[in-house]
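Taking it in order: structure first as structure tokens, then the write-up.
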Amino acid sequence: MATLKLSDARRLVVKIGSALLVDGATGALRSDWLMGLAEDVARLKARGTDVVLVSSGSIALGRGVLGLPAGGLALEQSQAAAAVGQIRLARAYEEVLAPKGITTAQVLVTLEDSADRRRYLNSRATLEQLLTFGVVPIVNENDTVATDEIRYGDNDRLAAQVAVTIGADMTVLLSDVDGFYSGNPKLDPTATHYPVIEEITPEMMAMAGDAGTGLSKGGMKTKLMAAQTAMAAGCSLIITEGSPVSPLSALEAGARATLFVAREDPKAARKHWIGSMKPKGAVTLDAGAQAALGRGKSLLPAGVTAVTGRFGRGDPVEILGPKGAHIGAGLSRYTSEEARQLVGKRSDQIEATLGYPGRAALIHRDDMAL
1 MATLKLSDAR RLVVKIGSAL LVDGATGALR SDWLMGLAED VARLKARGTD VVLVSSGSIA
61 LGRGVLGLPA GGLALEQSQA AAAVGQIRLA RAYEEVLAPK GITTAQVLVT LEDSADRRRY
121 LNSRATLEQL LTFGVVPIVN ENDTVATDEI RYGDNDRLAA QVAVTIGADM TVLLSDVDGF
181 YSGNPKLDPT ATHYPVIEEI TPEMMAMAGD AGTGLSKGGM KTKLMAAQTA MAAGCSLIIT
241 EGSPVSPLSA LEAGARATLF VAREDPKAAR KHWIGSMKPK GAVTLDAGAQ AALGRGKSLL
301 PAGVTAVTGR FGRGDPVEIL GPKGAHIGAG LSRYTSEEAR QLVGKRSDQI EATLGYPGRA
361 ALIHRDDMAL
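Numbered according to UniProt numbering, the sequence shown terminates at residue 370, and the numbering increases by one at each position without gaps.
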């Protein structure tokens, strides 16, 4: 299909749509399909790949349990169905992955969790810690509380945002179509399939339709938007047919798909993003801290001699050397007021200074562009 394979991925996000998980006629979970996916996840984990699943299905499952009719639902009905279905969805993943020695976690998010910098950092820290523990997070939009103003609207774009948040290098959208075509292949048998895309053009966006199943919200246009988000963050994205049992194995065996190729790796893309932001303050370092940063270390409060400006947690700050020369930029893990209190303090003095444990690093190395 292309030059990149799942085996190349260090950190993988897989999006699963409602129509794959839930039988549209009965509203029941497709247990055999889910077992096949679990086999795929276990195999990837055994290779050392971090895996995050972005899974739809809560409303579809809850609709079946509550006996709600097909078609559109009122907001309150959707939220109630999500509340009923979400607990069943989480349990289903736990039941298929626990026998394989894999711990799962449920992570529910809304658009505000990525739009608000502090909540974004909290989400990132939580997901990073779960992956460090070897857990497979099951991420879904929090449909029990989300309204149109604070929702992603589809899990294609949510999957891309999760990939950006955790620095994933590959995302797979398991879909009802085996890639991107010049037209809707169900309506136009002459539509051309694109196996590899390195740049999404306006013409491609115009080709994309909005067709989807009765259970899903996303169409091809939202998938292209997801691909744009992922590629800009250094994450390649694959659209492939998700209905085969063990769909990731099918993909690795050569199933037709479209690969959207990122031009750089996630770490480089993130550093470019941080470096392009306008700083809201500055921190000045001593010579020892400057040397530590040159060795790839995080910035600890003990190495800071001065803090200027007003900034919040997660805001960009300029990093200055002992003589005031520009070294780089980074995202602060503390507010400017907190940072001033921590100037020159050792890590074991943070709790006594602030009154709570806090974080060891003022700026983590992953949040720094030098």
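All C-beta atoms, glycine included, are put in the ideal place defined by N, C-alpha and C.
query                                                                                                                                                      : result
Run through the DSSP bridge pairs and tell me what N140 is partnered with.                                                                                 : L108
How should Q129 be labelled, buried or exposed, when 16 other C-beta atoms within 10 angstroms of its C-beta is the threshold for buried?                  : exposed
Report the residue from I59, A105, Q161 and A159 whose alpha carbon sits nearest the alpha carbon of V136.                                                 : A105
Quick one: what's I350 bridged to in DSSP?                                                                                                                 : In DSSP, I350 forms no bridge with anything.
Would you call the CB atoms of residue 372 and S175 closer than 8 Å?                                                                                       : This structure cannot settle anything about residue 372, because the visible part of the chain is limited to 1 through 370.
For Y356, count the other beta carbons within 10 Å of its own beta carbon; 16 or more makes it buried, fewer makes it exposed. Which is it?                : exposed
G62: which of A82, V52 and A70 sits nearest, CA to CA?                                                                                                     : A82
Is the segment 85-100 touching the segment 52-59 in the sense that three or more CB pairs, one from each, lie closer than 8 Å?                             : yes
My output table needs one value for S7: the three-state DSSP class, helix, strand or coil.                                                                 : helix
Closer than 6 Å by C-beta to E198: which residues in its own chain qualify, once you throw out the five before and the five after it? Chain order, please. : V261
Of all the alpha helix (DSSP H) runs that stay within the bounds of the UniProt domain "PUA" (281-363), which reach a length of 4 or more residues?        : 287-294, 336-342 and 350-354
Measure the C-alpha to C-alpha separation of I274 and L342 and round it to an integer number of angstroms.                                                 : 23 Å
Work out the CA separation of L66 and T26 for me, nearest whole Å.                                                                                         : 12 Å
What is the residue span of the beta strand (DSSP E) that T26 lies within?                                                                                 : No beta strand (DSSP E) holds T26; DSSP gives it neither H nor E.
Taking contact to mean at least 3 C-beta pairs separated by less than 8 Å, is the segment 280-291 in contact with the segment 171-186?                     : no
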